[in-house]
Each structure stands twice: as structure tokens, then as C-alpha cells.
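Reading the sequence shown from the start, the letters are residues 158 to 711 in our numbering.
To keep things clear, I will list the structure first and then write my remarks on it.
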Amino acid sequence: MGRMGTEGENVRVIAGRYRLEARVGRGGMGVVWRATDQLLGRQVAVKEIPLDLDETLSPQEAERQRDRTLREARAVAQLRHPHIIVVHDVVEHDERPYLVMELIDGGSLAERVATRGPVDAAEATRIGIDLLSALRTAHAAGVLHRDIKPANVLLESGSNRVVLTDFGIAQVAGATTLTETGSFVGSPEYTAPERMSGARTGPESDLWSVGALLCTVLSGESPFRRDSLGGILHAVVFDEIRPPPQAEPLLPVVRGLLERDPDRRLDADQAERMLRAYRSTGRMPEPVRTPTQLDVPRPPAPAPAPSPAPPPGAEPRRSTRGMLVAALLVAAMAGAGISAAALLMHGGGDGGGTPSSSGPGTSVSASPSPSASDRSPGSSPSAASATPSPGSVGATPSPGATDPRLPSAPSGYRVADDPAGFSLAVPEGFDRRPQGVRIFYESPGQTFRLGIKAADPEAGGPLAVMRRSAAKGPDTNPGYRDGRVTSTTRHGHPAALWEFTWNGFTAAEGPRHTYDLCWEEGGRMYDVWVSAPVGKVREAKEYFDVAIDTFVRA
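Take a look at the structure:
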């Protein structure tokens with residue numbers, strides 16, 4: 158696989174059939190040899206996969222690990238696609254697994270860029286289409302690659318065929334990793350933020366890597382390249398994402414793939430269709446997003462299910478790798494610094510936001526004008542405050558929970574019949590804290606902040622209000638980035654969703670993400686938002702969705 162290696166290696170024959178002749182390459186996931194299949198008389202590539210046969214492993218544990226590795230390698234070998242490396246055989250020799258693959262006469266995409274420079278938009282489009290098509294096949298079979306980068310994409314000499322290779326750290330859905338033994342695997346510059354945070358790994362993570370790869374082949378350098386590992390992690394998880402100017406023709410696809418919220422990231426079908434349209438017409442269509450769930454009523458979200466226990470022999474989800482990444486992220490944030498102005502703003506304001514499971518997403522925070530304590534995200538100086546309803550009870554489970562006017566609370570939530578004239582379901586343990594015209598429901602330590610405000614309608618409606626607030630984002634939210642305002646509806650009423658990420662009001666608080674929905678209903682304008690640390694976006698998104706779904710005005 159790849160170009161011919163250096164001759165003169167010690168010749169070995171494995172499984173009584175494959176003669177290893179020259180080393181093609183070596184990496185963290187094993188050694189690749191040029192070899193001859195003596196039975197069929199053809200040239201092949203053989204990958205020797207190391208196993209963690211640490212002395213601490215019992216013979217039974219070592220055997221389970223070997224069996225698991227072989228089983229998952231065979232699953233990868235079932236993949237059949239013109240742009241996925243062909244795995245001919247999976248064998249075991251001297252208690253070590255080997256993958257026997259087709260030998261590609263040609264270099265890697267990384268070598269191509271290093272020796273001949275970046276590719277143009279047309280060639281990047283061709284490469285992207287082929288990789289996305291290959292990933293659709295792999296993902297449909299439940300196989301995640303987890304290390305997509307230019308070095309793992311081969312270009313066959315003569316045909317220039319794009320071949321995705323090195324599934325050495327691939328993961329089969331529902332199983333442990335092929336070769337992971339507790340250390341971080343993959344290439345940080347191409348690793349999705351949700352994998353960095355240890356929150357989740359799915360097909361979406363591979364698609365993020367394709368977005369980073371497209372930037373690299375178009376410009377010659379990854380957009381997340383930094384001088385240190387901590388710098389790379391910070392760039393992937395926190396920094397503003399700036400695709401290179403060369404990516405302009407493919408920008409909608411690149412931005413869609415480099416969406417930090419994996420639930421909003423372009424899927425392989427969408428990205429491939431957009432690239433094919435560009436290749437056919439020379440124009441890049443805008444992504445056709447799946448209609449947001451805010452547009453249609455949904456049943457209340459269930460309480461978060463406990464994580465399933467790992468299979469026997471599997472590494473715990475929170476391993477040394479996770480702690481190392483977390484430590485690096487903390488170190489990176491400590492070096493980033495927060496301005497004194499941000500500390501002063503914290504006295505009366507709030508940073509709103511609901512991060513995604515993968516990392517920083519869009520967030521909403523208060524837009525103080527003239528005072529941060531007087532306004533909610535998306536509100537204006539002229540917004541009027543809501544008038545409390547006399548005699549109502551707030552911040553406690555409503556004794557009239559059977560009242561048809563009140564929402565029902567999913568498991569893990571309670572109904573808050575607020576004296577400000579609305580009801581909604583909030584997570585159990587959240588305490589009510591009024592702040593001027595805004596009402597907050599906060600978790601212990603203010604990790605999660607759910608805010609609500611009612612005001613008079615403003616000129617232009619919710620979309621104009623959100624756009625005005627977003628325009629002020631850099632002034633009102635330290636480190637404001639990735640802001641996006643989207644027109645939508647809530648239960649048939651005009652609405653606008655604002656998301657953004659920011660640095661938080663203090664270094665201790667750290668980066669946060671906010672979801673903020675503003676809509677008009679019954680002659681009033683309502684604003685509901687959730688703010689949370691970027692590493693807890695999944696929980697925050699659920700709190701936000703439940704709040705929006707169950708909100709009932711008095």
C-alpha cells in the first residue's frame with residue numbers, strides 16, 4: 158500500500174502464504190509491508206497490527222483482546238467500495254493479527270500536496286465526492302474510520318483513483334476500538350471537537366475530518382495547525398473557524414462539515430449532493446437543512462438514559478486519554494486570558510448558550526443595554542417588562558399539575574408555574590432567580606442557565622431582533638464567535654433562533670454556548686435561552702428543547 162519501501166528487510170512468511178519483502182510505512186497503528194501472496198502469485202500490502210499484550214493482562218484478557226481485534230478487522234474487511242482499500246484477508250500469526258490488502262501503486266494525498274502544492278477546487282471536489290461516497294458505505298455497515306487525513310488517502314498512479322485507507326483505528330458500532338488501548342488515537346488537526354471532549358464518536362466525526370481535509374488540500378495547511386498540541390486542541394474546540402481563502406468556491410460544504418454541533422453538521426448525502434451540483438454547474442448550492450425540530454410539536458424529551466456498561470474487557474469511557482485531553486483544554490483556556498471588561502460585565506449580565514455534544518456551538522448571552530441586568534438575549538432597550546400575575550406561585554412544582562393549561566413535565570423535570578405569567582418544565586434542582594425583567598432558572602453553581610423574558614413586539618419581528626442582538630454580540634459577549642441567526646417558527650408563530658459561542662465572563666467560567674429562541678405569540682414577544690459550558694451542549698440542548706416545547710403563556 159503506497160510507494161515501494163526499502164529492500165533488504167528480513168524476509169518472513171506469515172500464515173504460510175504471505176512473504177513480507179519490504180517495509181512500506183510505519184505508524185502508531187502498525188507496520189505496512191509490501192508482500193507477495195505465494196498462493197495466488199500477486200503483490201499485496203500486509204499490515205501488522207500491534208496488540209497491547211501488557212504484563213498486567215491475564216492470558217484470558219489477552220486472548221479476548223486478540224479475538225475482538227480479529228472480529229472487528231473482519232468486519233472492516235467486509236466493506237466493498239471502489240474508493241475504500243480492499244482487504245483481501247485477515248490472518249493471525251504468532252498471536253498477532255495481520256490485514257492483507259490490495260497494494261496501491263501511488264503516493265498519499267499528503268505527499269501530493271507536499272511535492273506539487275495544493276489542488277484546485279475542481280480536484281478537491283472530485284476527492285471530496287469520492288471520500289464521502291466511501292464513508293456512506295462504511296457508515297452504513299457500522300464502521301467508523303476515525304483517522305481521516307491526507308496521509309490516509311492514496312492516489313493510484315495512472316488512474317488517479319482516490320482510495321481511503323488505514324482503517325487501523327476504525328471502530329465498529331457497538332464494539333470497542335480496533336487498536337485503541339486507552340491512549341488518544343487519531344490526528345488532532347483532523348479530529349472532531351466531540352471526540353476531543355470525549356462526548357461521543359459517530360459518523361458525524363468522520364465528516365468533520367473531511368471538512369478539515371478539504372481545507373488542507375486546497376490551501377496546503379490544516380486550518381487547525383498550531384505550534385503545540387494544546388494550541389491545536391484549543392483551535393479545534395474553541396477558536397473561530399476560518400476556512401482558507403482557497404476554500405471560497407466550496408465554502409458552504411466546508412462550513413457545513415466544520416459545524417461544531419454534530420447534530421447540525423452536514424451529513425454525507427447532503428455534502429456529496431452539493432459537491433456534485435458544483436461539479437456539474439460550477440455553482441455551489443446552499444445546504445438544504447432538515448427542518449428544525451422547533452418547527453413541529455414534539456413529545457417531551459425523555460430523561461437522559463444512563464450510559465450502558467462497557468462490554469467485558471473494554472476500556473472505561475473516562476480513561477487517561479480523556480483526562481489528558483481535559484487537562485490540555487484547561488491549560489489552553491488558562492493561557493487564553495479574559496479581559497477585565499468581561500469580569501466587570503459579569504456583575505449584572507448572563508452569557509446564554511446551549512453547546513452541542515461535540516463542542517462549542519452557538520450560544521446566546523445577555524445583551525446589556527444600558528444595563529446587562531435589564532435585558533435578555535435578543536431584547537432591545539425599549540422592551541417592556543412582563544407584569545407578574547398576582548397570587549401565582551413560582552419556582553415550585555405546581556400543585557395544579559392537572560390543570561390543562563399547564564404543561565406536563567418529563568421525567569427528571571418539574572413544572573414551574575412562574576409568577577411572571579408563564580409556565581414551563583425545568584430540570585429538577587434548578588432554582589428560580591429573577592434579574593430585572595428576566596427570569597432565570599439555574600442549576601447548582603450556575604453551570605446551566607435557563608432564561609425567559611416577555612416583552613412588547615419590536616419592529617421587524619423576531620428575526621430582526623435576533624439579528625440586531627447578533628450584530629452586538631462581539632461587544633456584549635467576550636470572545637463572541639460562530640454566531641448564527643436562523644428564521645424558523647414555534648408552533649406556527651414567527652420565530653428566530655440565535656446560536657453562538659463565547660468565552661464566558663470569567664476564566665473560571667470558561668467558554669460557553671447559547672441557544673436562544675425568540676417568537677411572537679398573542680401580542681407579546683417571548684425570548685427563551687439556555688447557556689452552558691461548551692462541553693455540556695447535549696444536556697443544554699435537551700433543556701432548551703424541553704423548555705421550548707413545554708412553554709405556555711398565561
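Even glycine gets a Cβ: it sits at the ideal position worked out from N, Cα and C.
Sequence-distant residues of its chain with Cβ nearer than 8 Å to residue i (five each side left out)
i, result
"Pro-400", "Cys-372, Pro-380, Leu-408, Val-411, Arg-412, Leu-415"
"Pro-360", "Leu-292, His-296, Leu-301, Asp-424, Ala-425"
"Met-441", "Pro-406, Leu-407, Leu-408, Pro-409, Val-410, Met-431, Ala-434, Tyr-435"
"Arg-199", "Thr-193"
"Gln-603", "none"
Proximal residues to residue i (C-beta, below 7 Å), its chain only, five neighbours per side dropped
i, result
"Lys-677", "Contrary to the premise, residue 677 reads as Glu rather than Lys in this sequence. Closer than 7 Å at Cβ, skipping near neighbours: Pro-614, Gly-618, Pro-619, His-650, Pro-651."
"Asp-262", "Glu-313, Ser-314"
"Pro-444", "Pro-409, Gly-413, Leu-423, Gln-427, Met-431"
"Glu-280", "none"
"Gly-274", "Gly-377"
"Val-243", "Met-258, Glu-259"
"Arg-624", "Val-642"
"Pro-631", "Tyr-637"
"Pro-402", "none"
"Val-170", "Arg-176"
"Ser-316", "none"
Bridge partner(s) assigned by DSSP for residue i
i, result
"Trp-686", "Gly-608, Asp-673"
"Ala-192", "Leu-177, Val-201"
"Phe-579", "Asp-575, Arg-710"
"Ile-241", "Leu-321"
"Tyr-570", "Pro-584"
"Glu-615", "According to DSSP, Glu-615 bridges with nothing at all."
"Glu-218", "None, per the DSSP bridge assignment."
"Pro-792", "Beyond the ends of the chain as shown, which are 158 and 711, falls residue 792; an answer cannot be given."
"Met-258", "Ala-202, Val-244"
"Gln-592", "Arg-595"
"Glu-678", "Arg-681"
"Arg-641", "Glu-656"
"Val-170", "Arg-176"
"Arg-713", "What the structure shows of the chain is the stretch from 158 to 711, and residue 713 is not part of that stretch, so it cannot be assessed."
"Gly-182", "Val-189"
"Ser-265", "Leu-311"
Residue i vs residue j beta-carbon contact at 8 Å
i, j, result
"Val-189", "Phe-324", "no"
"Val-320", "His-240", "yes"
"Leu-227", "Val-201", "no"
"Asp-304", "Ser-344", "yes"
"Val-203", "Leu-266", "no"
"Met-353", "Leu-390", "yes"
"Ser-580", "Ala-573", "yes"
"Glu-205", "Arg-191", "no"
"Pro-307", "Val-374", "yes"
"Val-709", "Ile-609", "no"
"Ala-172", "His-250", "yes"
"Thr-646", "Leu-654", "no"
"Ala-627", "Gly-636", "no"
"Glu-429", "Ile-284", "no"
"Phe-605", "Tyr-700", "yes"
"Leu-196", "Arg-174", "yes"
"Leu-256", "Ala-230", "yes"
Distance cut-off 7 Å: residue i Cβ against heavy atoms of the ligand SAM
i, result
"Tyr-672", "Absence of the ligand SAM is noted for the structure shown, with no ligands found whatsoever."
Contact set for residue i: own chain, Cβ-Cβ below 6 Å, skip 5 residues either direction
i, result
"Arg-638", "Glu-397, Thr-658"
"Arg-681", "Ala-611"
"Ala-404", "Cys-372, Leu-375, Val-411"
"Arg-318", "none"
"Ser-600", "Phe-587"
| How about the stretch 688–698 and the stretch 665–677: do they share at least three Cβ pairs that are nearer than 8 Å? | A contact between stretches requires three or more CB pairs, one per stretch, nearer than 8 Å, and the stretch 688–698 meets this requirement with the stretch 665–677.
| message | Is it the case that the stretch 279–297 contacts the stretch 418–436, given that we only count it when at least three CB pairs across the two stretches are under 8 Å? | response | Touching, yes.
| message | Give the list of continuous alpha helix (DSSP H) stretches no shorter than 4 residues that lie fully inside the stretch 282–319. | response | none
| query | If you scan the stretch 352–385 from start to end, which runs of the alpha helix (DSSP H) of 4 or more residues do you find wholly inside it? | reply | If one requires a minimum length of 4 residues, the alpha helix (DSSP H) runs lying completely within the stretch 352–385 are 360–376, in chain order.
| message | Can you confirm whether the stretch 579–596 touches the stretch 652–669 when touching is taken to mean that 3 or more C-beta pairs between the two stretches lie within less than 8 Å? | response | no
| message | Restricting to runs no shorter than 3 residues, where is the beta strand (DSSP E) found entirely within the stretch 380–448? | response | none
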